[in-house]
Structure formats: C-alpha cells, structure tokens
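Q: For the sequence shown, our numbering assigns the number 9 to the initial residue and increments by one for each residue that follows. Each residue gets a CB set at the ideal place from its N, CA and C atoms; glycine is no exception. Let me give you the structure first, and then I'll get to my questions.
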Amino acid sequence: MRHAAHARWREWLTLIEQRGCEQLRAFAVRLRKDRAAVAAGLTEVWTQGAVEGHVNRVKLIKRSGYGRMSFTTSRQRVLIRQASWAKRGKRSLLADQYKIG
C-alpha cells in the first residue's frame with residue numbers, strides 16, 4: 009500500500025508539472041528537490057506520533073503556567089512528568105538522558 013502511494017505521488021507530481029497552474033508547478037519543483045524525504049514519508053512505517061505527543065504535552069504544561077512560570081519551573085515540570093512515566097514502565101529519551109526514574 010505504501011509503495012502504491014509513492015507511485016501515485018510520482019504520477020500526481022508529473023501531472024501537476026504538465027498541467028498545473030504556476031503556483032502548483034512551483035510547489036512541484038520544491039517537492040522534487042526534497043523527493044527523498046517525501047518518498048520516505050510515504051513508504052516508511054515510522055511516524056512522528058510519539059514525538060508529537062511529547063511536544064503537545066510540553067505545550068500543555070507551558071500553557072498551564074499562563075506566562076507566570078520561569079524556564080526553570082517549566083523544565084522541572086516536564087522532567088517530573090517524565091519521571092512519573094518512567095515509574096509506570098514507560099521509558100522516554102528525556103528520562104534516560106537525565107537519569108530520572
């Protein structure tokens with residue numbers, strides 16, 4: 009399925025380059041320059057889901073301070089949260105890096 013998506017992407021890109029409006033053609037040129045990354049995104053099974061989850065959690069902690077938290081306090085909250093994950097058996101890169109849990 010993933011390789012079929014890559015083949016369809018190449019067909020779409022060729023079609024846009026031939027018949028698309030100027031803006032789409034310019035977009036297609038930029039995609040061609042970065043085609044290795046696009047192909048990897050379409051064919052690899054790896055996702056950024058875990059990373060996005062951590063980013064979302066850090067943003068939530070940041071927003072909960074409403075600008076009143078210092079960087080040090082924010083950092084401590086993130087690391088404490090990571091430690092609680094580690095205690096439940098959910099290891100993370102931050103917990104490993106800072107020897108938490």
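Assuming Ala15 contacts Ile24 (C-beta within less than 8 Å), just tell me the rounded distance between them.
A: With 8 Å as the limit, Ala15 and Ile24 do not qualify as a contact, their Cβ atoms being about 15 Å apart.
Q: Counting C-beta neighbours from all protein chains within 10 Å, is the total for Leu21 16 or more, i.e. buried, or is it exposed?
A: Buried: at least 16 other Cβ atoms inside 10 Å.
Q: For Leu50 versus Ala13, is the C-beta distance shorter than 7 Å?
A: Against a cut-off of 7 Å, the Cβ pair of Ala13 and Leu50 comes out as a contact.
Q: Taking the C-alpha atoms as reference points, what is the distance between Val53 and Gly75?
A: Answer to the nearest angstrom: the Cα atoms are 38 Å apart.
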